[in-house]
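For the sequence shown, position 280 (counting from the first letter as 1) is numbered 280 according to full-length UniProt numbering, and the numbering increases by one without interruption. Glycine included, each C-beta is placed from N, C-alpha and C at the ideal position. The block underneath contains the structure these notes are about, expressed in structure tokens.
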Amino acid sequence: EKMSARRNQSTEKSAGMGKRFESVLDSSNRYDDDVQPSSENEHPGAYKVGIKVLGLMRDSVTWKVAEVYSVRKAKFFEEIVDEDDERDNLIYDELPATHHPKQNKDNKLTYKEKYLKELREKIQAADAQSLGKETLDPESQDKGGRRDLAKVQEQQEAELRKSLRYEYYIHYLGIDRRLDRWVTELFIKIDTDEIHRQESKINMEEEEKKAQRNMDKDKQYLYNDENHGMTEREIQFFLQETKLKTVESIQFGANWLETWYFTALPKEYHTKCLYICDFCLFFCVHKREFLRHSKKCEVRHPPGDEIYRDGDVSFFEVNGTTERVYCENLSYISRMYLDHKNIFNPIDAFLFYVLCEVKADGFHLVGYFSKEKNIEANQNNLSCILVMPFCQRGGYGKLLIEMSYALSIIERKPGGPERPLSDLGHITYVKYWTRRVVQHLLQLEEKQEELSIKNMSFDTGMREDDILYILNHQKIMRRDPHGRDTINCEKEFLEKILSFSGMAGRPVYMDRIRWKPFISSQ
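See below:
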């Protein structure tokens, strides 16, 4: 009798309540939930493009305000729901290894069941949106005193399938575009108050950064404006054209990794996963094609000339004119991880210096830097630099920079990186410059030799303005009361600065370089 009275009471309460605020808010941010999609409503029931949401950060439980840039029907949804076990296994086989749920040999599940099980575990661990909104109350039990678990699971399954219908491309406001990604509804939610709070905070921080950049010219040299030389209209056009990633991930040899930015590949190569041979850089859209190529490919090192070998690392010089396809593919890969404003560059005008790890089966690409053949025009000894993400934090970035300056020393033409640099590039270069300048000053102090900025430029391969920047930035050079510039070469002072400049990178031994400067035929 008590249970029936409680049910009647809850029915009477809900009869006059109408729609809840959350339901009205949710419906206003979605397209109409039509049965059949139409030209005006291509994604019925999906969140609208352009709205602000809270997105779950990758590998975190933190929710950040984000904007929905695009919506698409989940490519795997119909396959998971409708296809048979044989097709499920094919889908499972085609996904990157890092996406595979753990296999259980004793209890063989279809890909659909594995995927749904993995998602449930993820949701419970991250305390994400509740799937069973109408789960049974502990007090509402049947006569036998047992919960209707089958009904609860059925409701959760229906909610889960509904939330997997669409994928949303979201951009986290105030955060670099490298974190943009496609997510399902499980990883986004609407909370108007929290969205407004985070937006206001981001706008204030942007205004403070802009004011600081205008006031502090010293920092302008350090944090170069990535939009340098572009009008506001050009910037907006660039951001609009490169908003979505054309390739979402790559399988580079044995390594699977997500891409960071847009790359201007032909539409035939716009895919969730692009397979790339790490020896010859051949691009494959399908995994079977990649496996066939891997068995037949006889290339085991980059084209061009090997100019340096030190133990397990090697450098190759590749000419963009004679090895055009290889260099173009290398540029496409770098574009996936560098947010360049110029999408198209003439490959013929560049030399590429490819860094490889030497292993038993061949020379595996780790990173590279490129430089223009005509260095006299701009004093750039490095135009583009990339270390593959799976090799980062291994000292390879410093090794690439060290090699670029070693070549400048041989040429007797001091140079530096092409501006503007990326945020990560700036940090790396300032640490490298600081260590190089301080070490040179310590050597001069030990030998009791006179200091000359010009001589230091030729000895280190660095541009004079980069040396002067470090001397001022680290407060090594100061102006005395008489208006003369003085340099503090005290050993303790310099060693303290050196301790904050990061770990020393792997050195480049000048006697092991087998290289002659490029001479243009023009």
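Practice item. Within 10 angstroms of the Cβ of M315, are there 16 or more other Cβ atoms? Answer buried if so, exposed if not. Key: Met is not the amino acid found at residue 315; the sequence shown has Phe there. Result: buried.
Practice item. Would you tell me roughly how many angstroms separate the C-alpha atoms of residue 548 and K151, rounded to the nearest one? Key: Outside the modelled stretch of the chain, which goes from 1 to 522, sits residue 548, for which no answer is possible.
Review point. Given 8 Å as the limit, is there contact between the region 361–374 and the region 397–404, that is, 3 or more CB pairs closer than that?
Key: yes
Review point. From this set, E268, L421, S334 and H301, which residue's C-alpha is nearest Y261's C-alpha?
Key: S334
Review point. Is it true that the CB of I188 sits closer than 8 Å to the CB of G394?
Key: no
Check your understanding: Of all the options R161, L291 and D193, which has the alpha carbon lying nearest to the alpha carbon of V53?
Key -> D193
Exercise for review: Kindly indicate which residue of I476, T434, N488 and P507 has the alpha-carbon position closest to the one of L498.
Suggested key: T434
Exercise for review: Compute the Euclidean distance between the alpha carbons of M336 and E42, then round it to the nearest angstrom.
Suggested key: 29 Å
Exercise for review: For Q198, collect the residues of the same chain with a Cβ closer than 6 Å to its Cβ; drop the 5 residues on either side in sequence, then sort them by chain order.
Suggested key: V65
Practice item. Output the distance between the C-alpha atoms of N374 and A349, rounded to the nearest integer angstrom. Key: 8 Å
Check your understanding: For L444, which option in R412, K491 and D480 has the closest C-alpha, if you only look at C-alpha atoms?
Key -> K491
**Study point:** Simplified DSSP assignment, three categories, for N378
**Key:** coil
Point to revise | Local Cβ density within 10 Å of V61, reported as buried at 16 or more and exposed below that | key: exposed
Review point. Span of the beta strand (DSSP E) holding A66?
Key: W63 to K73
Exercise for review: Quick one: using the 10 Å Cβ neighbour count with 16 as the cut-off for buried, is Q251 buried or exposed?
Suggested key: buried
Review point. On the three-state DSSP scale, how would you describe F187?
Key: helix
Exercise for review: Please classify F270: does DSSP put it in a helix, a strand, or coil?
Suggested key: For clarity, residue 270 is His in the given sequence; the question names Phe instead. Looking at H270 - three-state DSSP - the assignment turns out to be coil, as it is neither helix nor strand.
Review point. Exposed or buried, which one is D466 when buried takes at least 16 other CB atoms within 10 Å?
Key: buried
Exercise for review: Could I get the ranges of all uninterrupted alpha helix (DSSP H) runs contained in the region 285–325, with 4 residues as the minimum, in chain order?
Suggested key: 287–296
Point to revise | C-alpha gap between V247 and Y166, whole angstroms | key: 18 Å
Check your understanding: Would you call F390 buried or exposed, if buried means 16 or more other Cβ atoms sit within 10 Å of its Cβ?
Key -> exposed
Point to revise | Identity of the residue in R161, Y275, V285 and F279 nearest R300 by Cα | key: F279
Check your understanding: Going straight from the alpha carbon of M456 to that of S501, what length do you get?
Key -> 19 Å
Review point. CB R309 to CB R512, shorter than 8 Å?
Key: yes
Review point. Taking C-beta to C-beta, are G425 and P417 nearer than 8 Å?
Key: yes
Review point. In terms of residue numbering, what span does the alpha helix (DSSP H) encompassing D480 cover?
Key: Segment: none, D480 is in no alpha helix (DSSP H) and carries neither H nor E.
Check your understanding: Exposed or buried, which one is C277 when buried takes at least 16 other CB atoms within 10 Å?
Key -> buried
Review point. How many Å lie between Q236 and Y69 at the Cα?
Key: 15 Å
Review point. Roughly how many angstroms separate the alpha carbons of A264 and Y332, rounded to a whole number?
Key: 7 Å
Exercise for review: Give the secondary structure of L164 by DSSP, where H, G and I count as helix, E and B as strand, and everything else as coil.
Suggested key: coil
Review point. For the putative contact between F290 and G320, defined by C-beta atoms under 8 Å, what is the C-beta separation to the nearest angstrom?
Key: Contact flag wrong, Cβ pair sits at about 25 Å.
Point to revise | Sequence ranges, beta strand (DSSP E) only - wholly within the region 430–494, length at least 3 | key: 477–479 and 485–487
**Study point:** 6 Å CB neighbourhood of D191 in its chain, flanking five on each side removed
**Key:** L54
Exercise for review: State the Cα-Cα distance for the pair V285 and K267, rounded to the nearest angstrom.
Suggested key: 11 Å
Review point. To which residues of the same chain is K431 closer than 6 Å at the C-beta, ignoring the five residues directly before and after it?
Key: S501 and G502
Exercise for review: Grab me the residues of M57's own chain with a C-beta within less than 8 Å of its C-beta, minus the 5 sequence neighbours each way, in chain order.
Suggested key: W63, K64, Y172 and L179
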